[in-house]
Amino acid sequence: MARVSDPYDMEAWLDRTKLVVCVGAGGVGKTTTAATLALCGALRGRKAVVLTIDPARRLANSLGLKAIGNERTQIDLEGLGLSTSGQLWAMMLDSRSTFDGLIHRVAPDEASRDRILSNHVYRHMADTFAGSQDYMATETLYDLVSSGDFDLVVLDTPPVKNALDFLESPGRLINFMDERVLRWFLSPYDPNAVFGRRLMMGTSAVVFRLLAYVFGRDFLDDLATFFEDFQGLYAGFVERNDAVVALFRDPATSFVTVCAPNHSSLDVATFFQEELARRDLPRGGIVVNQVHVCDGTEHDARAVLGDVAAELAEDVEPKTMSALLARLGMAHTRLRALHVSETELAEQVREAGRGGGFYQEVPRLEGNVHDLEALHEVGRRLLSAAGVL
Ligand SMILES: Nc1ncnc2c1ncn2[C@@H]1O[C@H](COP(=O)(O)OP(=O)(O)OP(=O)(O)O)[C@@H](O)[C@H]1O
Ligand SMILES: [Mg+2]
Numbered sequence: 011m012a013r014v015s016d017p018y019d020m021e022a023w024l025d026r027t028k029l030v031v032c033v034g035a036g037g038v039g040k041t042t043t044a045a046t047l048a049l050c051g052a053l054r055g056r057k058a059v060v061l062t063i064d065p066a067r068r069l070a071n072s073l074g075l076k077a078i079g080n081e082r083t084q085i086d087l088e089g090l091g092l093s094t095s096g097q098l099w100a101m102m103l104d105s106r107s108t109f110d111g112l113i114h115r116v117a118p119d120e121a122s123r124d125r126i127l128s129n130h131v132y133r134h135m136a137d138t139f140a141g142s143q144d145y146m147a148t149e150t151l152y153d154l155v156s157s158g159d160f161d162l163v164v165l166d167t168p169p170v171k172n173a174l175d176f177l178e179s180p181g182r183l184i185n186f187m188d189e190r191v192l193r194w195f196l197s198p199y200d201p202n203a204v205f206g207r208r209l210m211m212g213t214s215a216v217v218f219r220l221l222a223y224v225f226g227r228d229f230l231d232d233l234a235t236f237f238e239d240f241q242g243l244y245a246g247f248v249e250r251n252d253a254v255v256a257l258f259r260d261p262a263t264s265f266v267t268v269c270a271p272n273h274s275s276l277d278v279a280t281f282f283q284e285e286l287a288r289r290d291l292p293r294g295g296i297v298v299n300q301v302h303v304c305d306g307t308e309h310d311a312r313a314v315l316g317d318v319a320a321e322l323a324e325d326v327e328p329k330t331m332s333a334l335l336a337r338l339g340m341a342h343t344r345l346r347a348l349h350v351s352e353t354e355l356a357e358q359v360r361e362a363g364r365g366g367g368f369y370q371e372v373p374r375l376e377g378n379v380h381d382l383e384a385l386h387e388v389g390r391r392l393l394s395a396a397g398v399l
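Per the working numbering, the sequence shown starts with residue 11, numbered consecutively.
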């Protein structure tokens, strides 16, 4: 078994990866990591795109853009002063138009497409699913990957409380269509009858009258038409679902778990490690972001303080000097204690992640990571030598 101290080549990992999915608790740096990995890919000559679901402003700021919409937007890398044959693109998820777009793609013809889009039942269902960003992310992801326009796609994910929500979301619509709705409507009626119209026939007539009384006749007409039309789309949904599941399992896909060195996010990360392993999904590795770095030992610190004292001896009063040195010493002691406790905490997630790729720490930088230069700095740390899990 590999030891934690064995080196892991992050650059080689990124070069062979086609899809990165960044998962983790809220606020730990998923968006930052996702944008950084796409940037690193672009700087290594790939045509990379980052798909984010954060409020536009955040990623927009960190990429130096005013706004990112549902459209793919190319990020200007000239500002970094680095020339690359690669490209960086960003996209922000807009759930409603994603769902409508899905209908555009799977509808067999224009007439049924328009009927569905203007159907009240559809609009209601679209609103329900529009709230489900994780489902929409997988749909958009499928489009991005299958378009063949990019050779590296990086997906940022929402901070879901239950990790399963995200991993299982591709199947959710199918389950909804299949079990909860379609079967319920289909089962009591004549299998040879036209599907939606069955609602108005035979024994269902009583139920229909009751429903019409409760919901109104127009609504039920909409419902019947909706099911007739949606039945034709079912195969398309199943196909896309299978493709997304296959994509998540592809060896060129890497789930990267991002966490911060605190109990709650490490617990979420540990849970992700276990779930990914249980589901046999490809684990890329773990990033512990925003760690406090403290290289010096007690002994080094004394030497450094001695150097400071010698350097400032002429300009600083002895009394002020000793106060200054005492404070510096204290700050160093605190930082070391923090560093040691963070390292101990991270041991838990390292253990859970054994055999699952790389282990990388990224230091907490001064100030937020809100521009390309800062992302580039994070990228340097991210791609530096890492450990093996
Ligand atoms: N290594 C770092 N050093 C300093 N600041 C950082 C670092 N990584 C991220 N940040 C800052 O921390 C904040 C949260 O980061 P980010 O938005 O990437 O987290 P997130 O996991 O995507 O959050 P959410 O779950 O809310 O989407 C941002 O302001 C970002 O600039
Ligand atoms: Mg985010």
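Ideal Cβ positions, reconstructed from N, Cα and C, are used throughout, including at glycine.
In the DSSP assignment, the residues bridged to Lys-57 are Gln-97. Asp-19 carries a coil assignment under DSSP once its states are collapsed to helix, strand and coil. Positions of the beta strand (DSSP E) runs, each at least 3 residues long and wholly inside the segment 280 to 309, are given as 293 to 301 in order along the chain. Going by C-alpha positions, Ser-122 is about 12 Å away from Arg-115. Under the three-state reduction of DSSP output, Ala-313 falls in the helix class. The Cβ-Cβ distance between Arg-56 and Leu-154 does not fall below 8 Å. Buried is the label assigned to Lys-40, since at least 16 other Cβ atoms lie within 10 Å of its Cβ. In this structure, the straight-line span from the alpha carbon of Pro-17 to that of Ile-296 is close to 14 Å. Cα atoms of His-386 and Pro-118: separation of roughly 45 Å, rounded to the nearest angstrom.
A direct Cα-to-Cα measurement between Asn-251 and Leu-257 gives close to 10 Å. It is roughly 45 Å from the alpha-carbon of Ser-275 to the alpha-carbon of Asp-124. In the DSSP assignment, Ala-396 falls outside any alpha helix (DSSP H) and lies within the beta strand (DSSP E) extending over 396 to 398. In this structure, Ser-128 is the residue among Asp-317, Ala-311, Ser-128, Val-60 with its C-alpha nearest to the C-alpha of Asp-232.
By alpha-carbon distance to Cys-32, the top candidate from Leu-87, Phe-282, Trp-99, Tyr-132 is Phe-282.
Fewer than three pairs of CB atoms, one per stretch, sit closer than 8 Å, so the segment 364 to 382 makes no contact with the segment 344 to 351.
Taking the C-beta atoms as reference points, Cys-269 is found nearer than 8 Å to Val-298. Exclusion of Thr-267 from the 7 Å shell around ligand 2 follows from its C-beta lying no nearer than that to any non-hydrogen atom of the ligand. At least 8 Å separates the beta-carbon of Ala-396 from that of Met-102.
In this structure, the straight-line span from the alpha carbon of Pro-261 to that of Arg-26 is close to 10 Å. For Met-340 and Gln-358, the gap between their C-alpha atoms comes out near 28 Å. As a beta-bridge residue in DSSP terms, Pro-373 pairs with Val-301. Residue range 328 to 362 is occupied by the alpha helix (DSSP H) that includes Val-359. Distance from Val-30 to Gly-389 at the Cβ level is roughly 13 Å; contact not present, criterion being Cβ atoms closer than 8 Å. Residues of the same chain with a CB within less than 6 Å of the CB of Ala-287, apart from the 5 flanking positions on each side, do not exist. The alpha-carbon separation between Leu-112 and Arg-360 amounts to approximately 39 Å. The Cβ atoms of His-273 and Ala-311 do not sit closer than 8 Å to each other.
Taking the Cα positions, Ile-126 is about 22 Å away from Thr-148.
Rounded to the nearest whole angstrom, the C-alpha separation of Ala-320 and Met-331 is 10 Å. The closest heavy atom of ligand 2 lies less than 7 Å from the beta carbon of Thr-41.
About 5 Å separates the beta carbon of Val-164 from that of Leu-47, a gap short enough to meet the 8 Å contact definition. Per DSSP, reduced to three states, the secondary structure at Gly-158 is coil, with no helix or strand assignment.
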